[in-house]
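Remarks on the structure that follows.
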Amino acid sequence: SPLFHKFLKEALNKVPKDKCVTVRDALNQAMDEELERDERVFLLGEEVAQYDGAYKVSRGLWKKYGDKRIIDTPISEMGFAGIAVGAAMAGLRPICEFMTFNFSMQAIDQVINSAAKTCYMSAGLQAVPIVFRGPNGASAGVAAQHSQCFAAWYAHCPGLKVVSPWNSEDAKGLLKSSIRDDNPVVFLENELLYGVPFEMSEEAQSKDFTIPIGKAKVERAGSHITLVSHSRYVGHCLDAAAVLAKEGIECEVINLRTIRPMDVESIEASVMKTNHLVTVEGGWPQFGVGAEICARIMEGSAFNYLDSPVTRVTGVDIPMPYAKILEDHSLPQIKDIIFSVKKTLNV
Amino acid sequence: MKTMLAIISNALCRMTGRNAGARVVVSRSFADFTPQATFDIKKCDLHRLEEGPPLKAELTRDQGLQYYRTMQTVRRMELKADQLYKQKIIRGFCHLYDGQEACAAGIEASINPTDHLITAYRAHGYTYTRGVSIKEILAELTGRKGGVAKGKGGSMHMYAPHFYGGNGIVGAQVPLGAGIALACQYQGNNQLCVTLYGDGAANQGQLFESFNMAALWKLPCIFICENNKYGMGTSVERASASIDYYKRGDFIPGIRVDGMDVLCVREATKFAADHCRSGKGPIVMELQTYRYHGHSMSDPGVSYRTREEIQEVRTKSDPISMLKERMLSNNMASVEEFKEIDVDIRKQVEEAAQFATSDPEPPLEDLCNHIFYNNPPLEVRGTNPWSKLKSVS
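For the protein sequence lines, the chains are Y and Z, in the order given.
All letters in the first sequence, in the order written, are residues 1 to 347 by full-length UniProt numbering.
All letters in the second sequence, in the order written, are residues 1 to 393 by full-length UniProt numbering.
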């Protein structure tokens, strides 16, 4: 009937061109597109090829690109990270996957001394265009040795860029930028986010979509207080902001996207507007990302705009326990963020 | 003429008691100097190989003079560095290569400039053989802007095309070398990577990880252990359960080579290069060599070995003397010629040292540069919050 056809046409016109893509698929797309774009790009790591990736992030890539470009390695982090760095020095553009960043500790000398420092030591003669990527931070029930956040460790070192995406657009745009960057990039993913779908704009779905490294994003505008976070906890901050909004507290939520170089200007601009700052991270408090933000705010123009000291919300200062109730209480929960916001605002 | 040379040669061999003597084969008997000769070289010990490098090496007069010049240049350059260090014009780490010249010269003689090479911190010799001038090496040691790394790197961090340093962390260069070999294989350019390490580094776990992957993927990598008998102050017997470093690659074939004989090193490296280029995968070489200096300039080098031992190597196995005597006893060059070369090298090294002592230090504006490659300028925090420094690529 004509009425039905009219209804159908209207409904179809309303279908958004945005679609939902999981972080996993976004990362997969990024690698696929960059592998296709530049034949010097290749991926190596444990289980990345025939297993389709321990967390299936590299699913389908081996089938498409074969043994030359997608390389399964033995369990030899120090060895294969060094091999990846050497390959980068000799003209290739490797993506070196650590199954989790906990295992990168075995290879950390290659990341820091062989990759990060070489351009400087050679006075610009020797570039190292490499990406080290993999899941970072806490997962679920994997206990102490498999739950550490390495953002602060790597972000401490000059010569590295350290990137920490939150949603699918972040994941895709930042990974593409990281692969195209001629310098060593540590790309910190989050296992718990892999399966989470996020809307991706049409623009973000294009093969040339990149997000610049070193620029934060304001995910939610607000006037009462600034929340700064990275990775999974950006979501927590947005959830806390939604609850707080009902009580009339408007939070501005900043997604750092890059840990190093940190976009302090964006944080400062926000603090100059809201006069209050809370940092939220999964890592440990001492010498961490939040600690760095506090120091930078103190040293800069925004300090005089603070109406109260900066508050850090962090993981508890303990190795990660196993039992669920303990694990849940080892990491920032939404109620912890809400509590901290109110304390900072003195309400 | 032929008989007379043979008689003289044999007599010389008996007198010197050296087993690296020569049976001379005269190609032309009318020239003033013998243009080419064939020398017996020591047989290499083999691991997982049916055949090894040849037992004879041919040497032309030109090659001989070139190898002599290379080794003597490295020798004099290192001795100059010793001098400059004692004058406190060079500071920090300085690991000298004198005694080991045949390794660097022999390897370079057998590979192409388009092949790749990476080594550890005792790197000045290789920096030279891979094409960096004496001037740029000494100026890097003295930390001047004319240094090959503009004074930013120092002794252990000198780079050149197809030469990846100079690496300070013991053993870390070995996976890097395997990675460079991977790039050669990936790009299909028939190049290979020579990856050097010492007897001390031979016990690093990352070496075995590299051996495994190199063998698995048949990477064109020549792993070379420069065994100078001491890892810093620890003799090989005190560090390694097995001192057969050429066998430590286990499933990787290996050869043990007289590292004091430049011809032996050359022939062995040629053999190894052929092995790699034919797609057979990696190979391990152990070069038995010796360093006259201690581990570094802060090590006199006599607390863990005797002066007699050092002196014995100097008199009986010095690589430069050995080559010179071979050539002289086969009438391939004259004493005067060698003297001329020595004088010329001394002059070059002196000029380089002059440059290295007079060139200015890098400007302070350069402090934060070269953190990144091909990157827009960025601001770098100085020692205090008001100090905002600039970094360009």
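Using N, Cα and C, we set each Cβ at its ideal position, and we do this for glycine too.
Chain-ordered chain Z contacts of residue i [CB-CB under 8 Å]
i	result
residue 78 of chain Y	175, 205, 206 and 209
residue 87 of chain Y	179, 180, 182, 183 and 186
Integer-rounded CB distance, given that residue j should sit under 8 Å from residue i
i	j	result
residue 79 of chain Y	residue 206 of chain Z	5 Å
residue 372 of chain Z	residue 183 of chain Y	5 Å
residue 352 of chain Z	residue 135 of chain Z	4 Å
residue 220 of chain Y	residue 193 of chain Y	At roughly 18 Å, the Cβ-Cβ gap does not stay under 8 Å, so residue 220 of chain Y and residue 193 of chain Y are not in contact.
residue 44 of chain Z	residue 255 of chain Z	4 Å
residue 322 of chain Z	residue 61 of chain Z	17 Å between Cβ atoms; not a contact.
residue 240 of chain Y	residue 334 of chain Y	5 Å
residue 224 of chain Y	residue 249 of chain Y	5 Å
residue 284 of chain Y	residue 328 of chain Y	No, residue 284 of chain Y and residue 328 of chain Y are not in contact; Cβ-Cβ is about 17 Å, not under 8 Å.
residue 267 of chain Z	residue 113 of chain Z	Their Cβ separation, rounded to whole angstroms, is 19 Å, which puts residue 267 of chain Z and residue 113 of chain Z out of contact at 8 Å.
residue 73 of chain Y	residue 33 of chain Y	So it is not a contact: roughly 23 Å between Cβ atoms.
residue 331 of chain Y	residue 315 of chain Y	5 Å
Limits of the alpha helix (DSSP H) - the one that residue i falls within
i	result
residue 39 of chain Z	No alpha helix (DSSP H) contains residue 39 of chain Z, which is instead part of the beta strand (DSSP E) from 36-40.
residue 179 of chain Z	173-187
residue 118 of chain Y	118-121
residue 265 of chain Y	264-274
residue 339 of chain Y	334-345
residue 57 of chain Z	Segment 56-60 is the beta strand (DSSP E) holding residue 57 of chain Z; no alpha helix (DSSP H) there.
residue 299 of chain Y	289-299
residue 313 of chain Z	307-317
residue 236 of chain Y	232-246
residue 429 of chain Z	With chain Z covering 1 to 393 only, the question about residue 429 of chain Z has no answer from this structure.
residue 288 of chain Z	Taken as a continuous stretch (DSSP letters only), residue 288 of chain Z belongs to no alpha helix (DSSP H), being part of the beta strand (DSSP E) at 283-288.
residue 85 of chain Y	77-89
residue 345 of chain Z	335-358
residue 122 of chain Z	Note, residue 122 of chain Z: premise wrong, no alpha helix (DSSP H); not H, not E.
Partners in chain Z for residue i, counting only beta-carbon separations shorter than 9 Å
i	result
residue 74 of chain Y	209, 212, 213 and 216
residue 215 of chain Y	Within chain Z, no residue comes near residue 215 of chain Y; the closest Cβ sits about 12 Å away, beyond 9 Å.
Interface partners of residue i on chain Z, CB under 7 Å
i	result
residue 120 of chain Y	152, 370 and 371
residue 261 of chain Y	378
residue 92 of chain Y	183 and 186
residue 66 of chain Y	Chain Z residues near residue 66 of chain Y: none, gap ~12 Å exceeds 7 Å.
residue 158 of chain Y	371
Neighbour-count burial assignment, residue i, 16 or more Cβ in a 10 Å radius
i	result
residue 123 of chain Y	buried
residue 161 of chain Y	buried
residue 195 of chain Y	exposed
residue 324 of chain Z	buried
residue 57 of chain Z	buried
residue 98 of chain Z	buried
residue 83 of chain Z	exposed
residue 30 of chain Z	Residue placement at residue 30 of chain Z is flagged as unreliable, the pLDDT there being 43, under the threshold of 50; a coordinate-derived value is accordingly withheld.
residue 17 of chain Z	Because the pLDDT of residue 17 of chain Z is 48, which lies under 50, any placement of that residue in the model is unreliable, and the number read from its coordinates should be weighed accordingly. Exposed, by the Cβ-count rule.
residue 153 of chain Y	buried
residue 89 of chain Y	buried
residue 297 of chain Y	buried
residue 286 of chain Z	buried
residue 302 of chain Z	exposed
residue 344 of chain Z	exposed
Span of the beta strand (DSSP E) around residue i
i	result
residue 221 of chain Z	221-227
residue 378 of chain Z	378-381
residue 70 of chain Y	70-72
residue 197 of chain Z	193-198
residue 45 of chain Z	45-47
residue 251 of chain Y	251-255
residue 42 of chain Y	41-45
Interface partners of residue i on chain Y, CB under 8 Å
i	result
residue 334 of chain Z	Residues of chain Y passing the Cβ test: none, with the nearest at roughly 41 Å.
residue 252 of chain Z	The premise fails here: residue 252 of chain Z is roughly 14 Å from chain Y at the closest Cβ pair, so nothing lies under 8 Å.
residue 149 of chain Z	121, 122, 123 and 125
residue 169 of chain Z	109, 113 and 114
residue 421 of chain Z	Outside the shown range of chain Z, which is 1 to 393, sits residue 421 of chain Z, and nothing can be said about it.
Chain Y contact residues for residue i, given Cβ-Cβ distances below 7 Å
i	result
residue 394 of chain Z	Summary: the structure shown does not reach residue 394 of chain Z, with chain Z confined to residues 1 through 393, and so no result is reported for it.
residue 157 of chain Z	121 and 122
residue 385 of chain Z	299
residue 172 of chain Z	82, 109, 110, 113 and 114
residue 116 of chain Z	90
residue 393 of chain Z	124
Within chain Y, the residues that residue i reaches when beta carbons sit closer than 9 Å
i	result
residue 126 of chain Z	Here the premise fails: no neighbours, minimum Cβ distance about 15 Å.
Contact test: residue i Cβ vs the ligand SAM heavy atom, cutoff 8 Å
i	result
residue 126 of chain Z	In terms of ligand content, the structure shown is empty, and the ligand SAM therefore cannot be addressed.
Jot down the residue ranges of each uninterrupted beta strand (DSSP E) in the region 133-203 of chain Y, minimum 3 residues, whole runs only, in chain order.
161-163, 185-189 and 197-200
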